[in-house]
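Only one structure is covered here, and it is reproduced in the block below.
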Amino acid sequence: MPTLTPPPTKLPPSTHPYAEVIHRLEAGGSMLPDTEENLMQIIGIYKAYAVPMDFYWRDLLYIAERVFLNPLPFFKYFLPQDYLDLPNHYAGESADYRVWQKGEASAHPELLEFIQNGETKQGIPRLLHHLWHDRINMEFAEACMRAMLWHQGMGGQFNDYLESEEYLANADRAIKAYFKGNPLMLGLYKLFPQMFYEKVREASYYANLGLFWEVMAPVFFEMSDRYDAGEFKTVPDAMDFLVNGIFIAAGRPIYHHVYIEDECYEIIPKSKGFTWLYEAALPYVEAIFYRTSPFRGTKSYNAQAGQVPDEQKDFHYGILYADVSPVGTAGIPPTLLMQDMYHFLPDYLEDYYQQHCRGEEDKLIQIGVTFQRSMYNVTSAVIQALRTALLYPLDDPNPEHLLKNRQFFEQQLDRFLRPEARLPDIQSQDYR
Amino acid sequence: MPNIVEIAVSNDAFSTLVTAVKVAELVDALQSPGPFTVFAPTDDAFAKLPPGTIDTLVQNIPQLQRILKYHVVAGKYTTEQLRELEELTSLEGSPIPIRCQTEGFEVKNATVLQADIEATNGIIHVIDTVILMG
Amino acid sequence: MLTTLLLLPLLGVGAIALIPKPEHSRTIAAGFTVATFLWSLYLLLQSDLSGALQWQEYLPWVEPIGLSYNLGVDGLSLPLIVLNGFLTLIAIYTNGLKVERYRLYFSLLLLIMAGINGALMAQNLLLFVIFYELELVPFYLLINIWGGEKRGYAATKFLLYTACSGLLVIAGVLGIGFSGGTPTFDLAAIDLQNVGLIAQLILLTLLLLGFGIKTPLVPLHTWMPDTYIEASPATTILLGGVFAKLGTYGLIRFGLQVFPEAWQLVSPGLAIIGTISVIYGAMSAIAQRDIKRMVAYSSIGHMGYILVAAAAGTELSLLGAVAQMVSHGLVLALLFFLVGVIETKTGTRDLDVLNGLLNPVRGLPLTSSLLILAGMASAGIPGLIGFAAEFIVFQGSFSTFPIPTLLCIISSGLTAVYFVILINRTCFGKLDYQTAYYPTVSVSEQFTAIALTITIVVFGIQPNWLFRWIEPTTNVMAMMSSEFKVQSSKLEIETLEAPKLMTLDFEAKQTLNG
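Right, here's the structure in full:
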């Protein structure tokens, strides 16, 4: 642990077990200690994350909008050119708000190169690449989508809307249009309408997550560019940029449009007023960073012995709690993501991994731990953003307001009191 | 006596709010008989939001409407009446916590700068911070 | 022919002493070991499978005291000599510790190989004793210089016990030499026909105690766990893999072969001691929290099988005894090697601390996989060498000692118990992410383990490749010993209750042998 920073306010020191971290948050810092090594790691990993994310959001939208209810979606991971060219709303000339200054609105060049050649770079057909898993692992993105679908009830109005009459009516129109001239599927729809609605809800979450990540990809690219240009000096610089990003995107609409024979069916219209912050970002953080669900193949749990919480809200299998070392088992979502990021590491991070632990051999785990650090920083940004939106400035002269802030921080950090939480570990540079 | 919109338009401190209400096409609604209680953020309050926040909202009317509706409550609540209450339900649907004791009048994380501005179709409380759901 | 097996390692020692750069000692030592090993393999392939001694060499040395340079090998010693070369090579590439003082370290390893080869080849009792005693010096140094924390204590304990063993053996050997008509120590010339049974029993008891300490047998084993724990992995491999085999080799060569009559009398007792060793070893191993200690106790158990088989003295059981010596040497070497790797990488041998080593990225996946295989081999899972040897031991001994054999079979089940405990704790479970920053296992370490594993698997699938070298000799030995059974039973048929079964057994075997 670094030396204790004195609390920056008039309040007495916190008595919370994570008092150190709370004082840092009160001083406008991040849960991740401010060291050059941490900054280098998290920025490097943001860049490596942004490239596959550029694919995730495009493909998520493609599946939500075009593949939709295809019962045999063999080629849902093969993005057509127009989705690779789909202009990002936060990058390029046509952007609504240009977060990523240098980037184009279409897919990132490293991504395009990877889709073309894969890791093998042998010029073998794309189908073989795909089957060899030499590709972006969309399964990870789908696992995230499923976690959001499954957990539900994490704030916002999105989930309630999925149960409303209006939504079902919209879904019904789309289902009928999609299976027009397909008596088999229409018959099945007649027999099992709920199953079809559930699939449409799933598609809506595809859209939700796609729209969420459409924002994050350019944010991360821009952070990497700024770091390379020497604009970020500290971890809080990086966090503040994220906080700003959250506010910029907060009001962007979350919707679900389906295109059937070039006609647009608005299953969740923009006019519902669903916003990026309330209906996508906050549920995402809750579902992915904190909760998710135990990954098959990593550990056995005995539910009867209370090893799995009774309440879904108490689930703690997200990246903030994850034990990264079982990673390496093929097919589990975290490994898939590590594998995706593995292809796009910046040189400085590549060198860094070679110098530590087992170098190339356990790079995936090192990536995982770095990713954990970086997501603690993102979570810090969310906590600071919520504090900005719902509470008081850090330099508020009113001690009562400062106390409210502190209570909020303590409440947030209470979630990391579980023994599984990695917050104590990331305080040290030795956790790799 | 002027209505809520007229009061806002006549006051220079509300120029951002007025623009937003116009963009969000809520002018007619706020001119209707109501009555409403409006928590009106000043220009300074909007300026406190991180850069870019308003830009995105202005481009997306339904989302802007939602934020603005969070500042409006059906019914007319004076300071006196609010002393009895802990919470109001906004037109947006989310609750607004109120702390209105003898000293100080706070709406969520905003402080009321000027309370009880009467209008024909309701009442306005001027606040120093844009309040957000959650 | 045979002197080469002594000369090559000694030349190696000379070469190590002369080379300018001590860092090259390992390569030199390995080179000479490989040469010795290949030569022993060549001898094995050239042997005539008659079961008799071959390539005898005889040089009178100190004639007045009956010491001669008399070498010879048969199916009992030759497989052990090959094993010795192989395990020495393994030991040379086992660097469970950062080797300092290269020259001394590798010279000692070569000296040990030469000494053990000498003891296995000696056909003169005094010559055997010389080699047998000479071994102690390099082992003492290896334990005392490159051992663990309590190496001083362990080395002294080792020296005291094994020196006692040596003294008892010397006493026995001198007794044998002087009890015949003319004093002689050449094995072939020894004839105890005219020595009284009581005198034979006394001499045999001396040898049994002496070799029993070395093997070690319960209750003479107390030096062994401490020594095995404190010695470096390389030393332990040589100690457990070949050095301890001199004990059982001595029992068969100088007990069973020299005292066939007295052996018949003590064999039921030996079988019981063997069985007790087996059960005691397994039970103690179950109770251990230290994986190396666990393997050490397992060794006591497995040496017990050899004693039971040697006591039974049937064709099959003797074959089993020798096969078990080889098998145990290989399996124990692999186990100690892997335990050594685990200790160097993780810094602990504590069962309660180790966990999840099978983790593919941060654990020691190959090492722990091989540990599982070695545990299976040790527990006698079919398809691995341990099964082949143990099965033959059981089958061969059952007719003579049914109850001890059954008890041994049951406790081979206990072997599985402690290996399941060992494997379950160390290999399975969740790797502790807070401590699991282990260095990688180097290619040479993996290569060594894989070489041992391949040997274990190949002989497990095709045990005849091992048995065919041993069988002729053990058949001859069993024949001689059972002839004695017949003779003694015929002689004493009136006075003693004739063990009729034995005669029948013999007749049956004669028929079988055609």
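Protein chains in written order, with the working numbering: chain A, 1 to 432; chain B, 433 to 566; chain C, 567 to 1080.
Ideal Cβ positions, reconstructed from N, Cα and C, are used throughout, including at glycine.
Query                                                                                                                                                                           : Result
Helix, strand or coil for C:Trp627, going by three-state DSSP, please let me know.                                                                                              : strand
Check for me: the beta strand (DSSP E) holding B:Leu545 runs from which residue to which?                                                                                       : Ala542 to Ala551
For the stretch 478-511 of chain B, list every residue whose C-beta sits within 9 Å of some C-beta in chain A, in sequence order.                                               : Lys480, Leu481, Pro482, Pro483, Gly484, Thr485, Ile486, Asp487, Thr488, Leu489, Val490, Gln491, Asn492, Ile493, Pro494, Gln495, Leu496, Gln497, Arg498, Ile499 and Lys501
Residues in the same chain with beta-carbon distance under 6 Å from C:Glu881, minus the five sequence neighbours each way, listed in chain order, please.                       : Asn1041 and Ala1044
Here's a check: name, in chain order, each residue in its chain whose Cβ is nearer than 7 Å to the Cβ of A:Ala19, leaving out the five neighbours to either side.               : Pro13
When you compare each of C:Lys911, C:Val919 and C:Gly952 to C:Leu932 by their alpha carbons, which one comes out closest?                                                       : C:Lys911
To the nearest angstrom, how far is the alpha carbon of A:Asn377 from that of A:Leu320?                                                                                         : 10 Å
Name the residue from C:Arg669, C:Tyr863 and C:Arg819 whose alpha carbon lies nearest to the alpha carbon of C:Thr1039.                                                         : C:Arg819
Quick check for students: name the residue ranges of the beta strand (DSSP E) that lie wholly in the stretch 506-536 of chain B, counting only runs of 3 or more.               : 519-521 and 527-532
Have a look at C:Ile969 and C:Asn921 and give me their C-alpha separation to the nearest angstrom.                                                                              : 39 Å
DSSP three-state call for B:Leu481: helix, strand or coil?                                                                                                                      : coil
With DSSP as the reference, label B:Ile556 as helix, strand or coil.                                                                                                            : strand
Which residue spans inside the stretch 359-419 of chain A form an unbroken alpha helix (DSSP H) run of at least 4?                                                              : 363-390 and 399-414
Do A:Val235 and A:Val382 have their CB atoms nearer than 8 Å?                                                                                                                   : no
Taking beta-carbon pairs under 7 Å, can you tell me which members of the stretch 986-1004 of chain C lie near chain A?                                                          : Lys996, Leu997, Tyr999, Ala1002 and Tyr1003
At the 8 Å Cβ level, is C:Val927 part of the contact set with chain A, yes or no?                                                                                               : yes
Tell me, please, whether the stretch 873-880 of chain C touches the stretch 935-944 of chain C by the rule of three or more beta-carbon pairs shorter than 8 Å.                 : no
With the cut-off set at 8 Å, would you say C:Phe902 and C:Ala1015 are in Cβ contact?                                                                                            : no
Among the candidates C:Val761, C:Ala688 and C:Cys730, whose CA atom is the shortest distance from the CA of C:Leu619?                                                           : C:Ala688
A:Leu149 CB to nearest chain C CB: under 8 Å?                                                                                                                                   : no
Please decide whether A:Val243 counts as near chain B, where near means a Cβ-Cβ distance under 8 Å.                                                                             : yes
Jot down the residue ranges of each uninterrupted beta strand (DSSP E) in the stretch 790-869 of chain C, minimum 3 residues, whole runs only, in chain order.                  : none
When you compare the stretch 546-561 of chain B with the stretch 434-443 of chain B, are there three or more beta-carbon pairs, one atom per stretch, that lie closer than 8 Å? : yes
Going straight from the alpha carbon of A:Pro2 to that of A:Ser30, what length do you get?                                                                                      : For A:Pro2, the predicted structure reports a pLDDT of 48, less than 50, and the residue's modelled location is therefore unreliable. A value from the coordinates is still provided. The straight-line gap from Cα to Cα measures roughly 14 Å.
As a quick exercise: from A:Thr370, A:Tyr206, A:Arg406 and A:Ala287, pick the residue whose alpha carbon is nearest that of A:Asn38.                                            : A:Thr370
Following the continuous alpha helix (DSSP H) through A:Asn170, name the residue where it begins and the one where it ends.                                                     : Glu165 to Tyr178
Looking only at DSSP bridge pairs, what is A:Glu433 linked to?                                                                                                                  : Residue 433 of chain A cannot be examined here, being either before or after the span of chain A that is shown, 1 to 432.
Roughly how many angstroms separate the alpha carbons of B:Val459 and A:Phe179, rounded to a whole number?                                                                      : 43 Å
Quick one: does C:Thr654 have its CB under 8 Å from some CB of chain A?                                                                                                         : no
Counting only Cβ pairs nearer than 8 Å, list the residues of chain B close to A:Pro253.                                                                                         : Asn492, Pro494 and Gln495
For a contact defined as C-beta to C-beta under 8 Å, what are the partners of C:Thr933 on chain A?                                                                              : Within chain A, no residue comes near C:Thr933; the closest Cβ sits about 14 Å away, beyond 8 Å.
Candidates B:Met565, B:Ser447 and B:Glu524: which alpha carbon is nearest B:Gln497's?                                                                                           : B:Glu524
DSSP has C:Asn690 in a bridge; who is on the other side?                                                                                                                        : C:Asp752
For A:Ser325, return the contacting residues in chain C, with the cut-off set at a CB-CB distance below 9 Å.                                                                    : Gly922, Asn925, Val927, Arg928, Gly929, Lys996, Leu997, Asp998, Tyr999 and Ala1002
Counting only Cβ pairs nearer than 7 Å, list the residues of chain A close to C:Thr1006.                                                                                        : Arg358 and Glu361
Can you look up C:Trp621 in the DSSP assignment and give me helix, strand or coil?                                                                                              : strand
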